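Participant: Sequential numbering from 17 applies to the sequence shown in this note's numbering.
In this text, a Cβ means the ideal position worked out from N, Cα and C, and glycines have one as well.
If you're wondering where the values come from, they're calculated on a predicted model, not measured in any experiment.
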Amino acid sequence: MNMKKIRRRISGFALPFAFGVLLVILWQTQALHMWMGTDTITLPLPTRIGEIISANFATISGHIRITVIVALGGLVVGSVLGYAIALVATVFSKWGAGGLTIISAFNAIPIVALAPVVNNWTRDISTDVSLRSTVAKILVVTISCTASMSVNAFRGLTELKPFSEDLMKSYGAKKITVFTKLRLPNSVPYIFTALRVSVPASVIGALVTEYFAEETVGVGRQIRENIVKGQYPTAWAYITVACAIGIIMFTLLMLAERLLLKRRRAQ
Numbered sequence: 017m018n019m020k021k022i023r024r025r026i027s028g029f030a031l032p033f034a035f036g037v038l039l040v041i042l043w044q045t046q047a048l049h050m051w052m053g054t055d056t057i058t059l060p061l062p063t064r065i066g067e068i069i070s071a072n073f074a075t076i077s078g079h080i081r082i083t084v085i086v087a088l089g090g091l092v093v094g095s096v097l098g099y100a101i102a103l104v105a106t107v108f109s110k111w112g113a114g115g116l117t118i119i120s121a122f123n124a125i126p127i128v129a130l131a132p133v134v135n136n137w138t139r140d141i142s143t144d145v146s147l148r149s150t151v152a153k154i155l156v157v158t159i160s161c162t163a164s165m166s167v168n169a170f171r172g173l174t175e176l177k178p179f180s181e182d183l184m185k186s187y188g189a190k191k192i193t194v195f196t197k198l199r200l201p202n203s204v205p206y207i208f209t210a211l212r213v214s215v216p217a218s219v220i221g222a223l224v225t226e227y228f229a230e231e232t233v234g235v236g237r238q239i240r241e242n243i244v245k246g247q248y249p250t251a252w253a254y255i256t257v258a259c260a261i262g263i264i265m266f267t268l269l270m271l272a273e274r275l276l277l278k279r280r281r282a283q
């Protein structure tokens with residue numbers, strides 16, 4: 017790796033990190049409060065937020081677990097379903113584009129409108145409030161993650177390198193061989209492109225859906241409950257935890273993408 021690439025990577029990490037540190041300093045010194053015209057009750061200091069998280073970590077970790085289960089469950093189901101739809105659209109190309117258009121339309125439905133409707137749909141699934149509430153939340157996240165995967169995976173399955181398909185056919189390759197040896201591997205980078213959208217969307221979807229869920233658990237629900245009660249420092253503690261969930265999940269995705277695609281390019 018040459019020095020130019022090293023400097024680019026360092027600057028790509030250092031600049032956002034420096035901005036974050038500067039923001040925290042301005043926040044802790046209350047310069048941010050003066051600029052925004054607020055107080056330390058509505059916008060508590062970072063040290064106060066840290067104290068709340070530390071003192072209530074056992075309770076907060078329970079809500080984190082529930083939110084992560086919903087986010088990951090919806091992400092996995094939505095991604096698998098979206099890829100399956102892309103496969104069907106590729107095989108049946110005559111109806112593929114129209115089907116993907118319909119799927120994409122679901123992504124335009126606001127979560128705040130979708131979540132209450134799904135809650136009503138799932139009321140008869142079980143007498144266990146926890147079970148049907150979890151199913152409803154995962155279903156909403158699934159819907160929000162399906163469209164990006166189906167569209168991007170379809171591009172990866174159909175937008176092949178020039179003449180690559182013709183070359184394989186000239187060697188007498190069967191359709192199934194072209195599909196498994198060319199189309200499927202070509203779709204891998206597009207899967208990660210879709211996940212870059214779906215991972216943040218799954219966390220946001222889980223948080224927002226918890227606002228309307230029957231069961232009063234999860235990070236999103238605790239943000240709502242504490243704001244309603246006027247307990248802004250505790251609400252900010254859960255907001256900080258929600259940000260951490262999104263950052264950690266996205267970082268893990270980036271590491272997985274770098275590792276997998278690096279191996280793929282080396283082959």
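Going by other Cβ atoms of all chains shown within 10 Å of its Cβ, with 16 needed for buried, is residue 114 buried or exposed?
Facilitator: Residue 114 comes out exposed.
Participant: How long is the line joining the alpha carbons of residue 167 and residue 98, rounded to whole angstroms?
Facilitator: Cα to Cα, the separation comes out at about 8 Å.
Participant: In the DSSP assignment, the alpha helix (DSSP H) including residue 245 goes from what residue to what residue?
Facilitator: It is not in any alpha helix (DSSP H) - residue 245 carries neither H nor E in the DSSP assignment.
Participant: So is residue 193 buried or exposed if we call it buried at 16+ other beta carbons inside 10 Å?
Facilitator: So residue 193 ends up on the exposed side.
Participant: Could you pull the start and end residues of the alpha helix (DSSP H) that residue 94 belongs to?
Facilitator: It spans 73-107 - the alpha helix (DSSP H) in which residue 94 sits, taken as one unbroken run.
Participant: Does DSSP put residue 285 in a helix, a strand or coil?
Facilitator: The structure shown has nothing for residue 285, since the chain only spans 17 to 283.
Participant: Look at residue 230 and residue 151 and say whether their C-beta atoms are less than 7 Å apart.
Facilitator: The answer is no: Cβ separation not under 7 Å.
Participant: Measure the CB-CB distance between residue 82 and residue 234 and report whether it falls below 7 Å.
Facilitator: Taking 7 Å as the Cβ cut-off, residue 82 and residue 234 qualify as a contacting pair.
Participant: Take residue 240 and list the residues in its own chain whose beta-carbon comes closer than 6 Å to its own, dropping the five residues that flank it on each side.
Facilitator: Contacts found: 227.
Participant: If you run the structure through DSSP and keep just helix, strand and coil, what is residue 8?
Facilitator: Beyond the ends of the chain as shown, which are 17 and 283, falls residue 8; an answer cannot be given.
Participant: Rounded to the nearest angstrom, what separates residue 195 and residue 278 at their Cα positions?
Facilitator: If you take the alpha carbons of residue 195 and residue 278, they lie about 22 Å apart.
Participant: Pick from 35, 89, 178 and 39: whose alpha carbon is nearest that of residue 159?
Facilitator: Cα-wise, what sits closest to residue 159 is 89.
Participant: Between the beta-carbon of residue 57 and the beta-carbon of residue 248, is there less than 7 Å?
Facilitator: Cβ atoms of residue 57 and residue 248: closer than 7 Å.
Participant: Tell me, please, whether the segment 256-267 touches the segment 214-226 by the rule of three or more beta-carbon pairs shorter than 8 Å.
Facilitator: Yes: at least three Cβ pairs fall under 8 Å.
Participant: Just to confirm the assignment, what range does the alpha helix (DSSP H) spanning residue 362 have?
Facilitator: Because the chain is modelled from 17 through 283, residue 362 falls outside the range shown and cannot be assessed.
Participant: Between which residues of its own chain and residue 176 is the CB-CB distance below 8 Å, once the five residues before and five after are set aside?
Facilitator: The answer, listed in chain order, is 198, 199 and 202.
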